[in-house]
Amino acid sequence: MDLSISSADRGDVTVVHVAGEIDVYTAPVLRERLDEQISAGRRHLVVDLQGVTFMDSTGLGVLVGRLKLVRVQDGTLKLVCTSERILKVFAITGLDKVFQIFDSIDEALAPAS
């Protein structure tokens with residue numbers, strides 16, 4: 003049930019590293035940390051889900067809500083995830099069509115081609 007969240011600025015992009023389980027108990031912590039970044043004017047976020055072992059619909063809701071928040075400010079929210087288990091959750095819900103999901107942080111940070 004533990005969740006660890008850290009962040010690092012890479013130019014005008016903030017990379018938020020998330021590890022552990024994102025569920026009904028920990029999702030509010032993730033929401034709060036992402037909101038802190040957005041409130042601080044960080045509109046371009048990369049959420050690194052490589053260390054996430056489980057995510058339920060509450061976690062998806064947090065990510066969708068933050069995506070809407072940054073889009074209103076002409077920002078971006080990209081995800082980094084290679085876990086088949088987590089990617090399956092995005093595919094089943096159709097959110098793999100909503101989010102830009104990358105295999106690595108470097109790919110997510112690369113300029114759009």
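Add 2 to the 1-based position in the sequence shown for this note's numbering, that's all there is to it. All C-beta atoms in this analysis are idealised placements derived from N, C-alpha and C, irrespective of residue type, glycine included.
Roughly how many angstroms separate the alpha carbons of residue i and residue j, rounded to a whole number?
i    : j    : result
L89  : D98  : 8 Å
H19  : F92  : 18 Å
V82  : V72  : 17 Å
L5   : Y27  : 10 Å
L14  : R44  : Position check: residue 14 holds Asp in this sequence, whereas Leu was assumed. Each residue's alpha carbon lies about 7 Å from the other.
V100 : V49  : 14 Å
K70  : I107 : 21 Å
G77  : H46  : 5 Å
P113 : S85  : 24 Å
Just reading off the alpha helix (DSSP H) that residue i is part of, what are its end residues?
i    : result
A110 : I107 to L111
Over what stretch of residues does the beta strand (DSSP E) that includes residue i continue unbroken?
i    : result
F101 : Counting along the chain, F101 falls outside any beta strand (DSSP E), and DSSP gives it neither H nor E.
D11  : L5 to R12
Round the Cβ separation of residue i and residue j to the nearest angstrom and send it over; I've been treating them as touching at under 8 Å.
i    : j   : result
L111 : R68 : The pair is not a contact, with the Cβ atoms about 18 Å apart (cut-off 8 Å).
T55  : G96 : No, T55 and G96 are not in contact; Cβ-Cβ is about 23 Å, not under 8 Å.
Just to confirm before moving on: does the CB-CB distance between residue i and residue j stay below 8 Å?
i   : j   : result
V66 : L32 : no
G61 : A29 : yes
**Report entry** Start-end ranges of the alpha helix (DSSP H) lying completely within the stretch 19 to 47, minimum 4 residues
**Finding:** 29 to 41
Report task. Mind listing, in chain order, the continuous beta strand (DSSP E) runs of no fewer than 3 residues lying wholly within the stretch 56 to 86? Result -> 78 to 82
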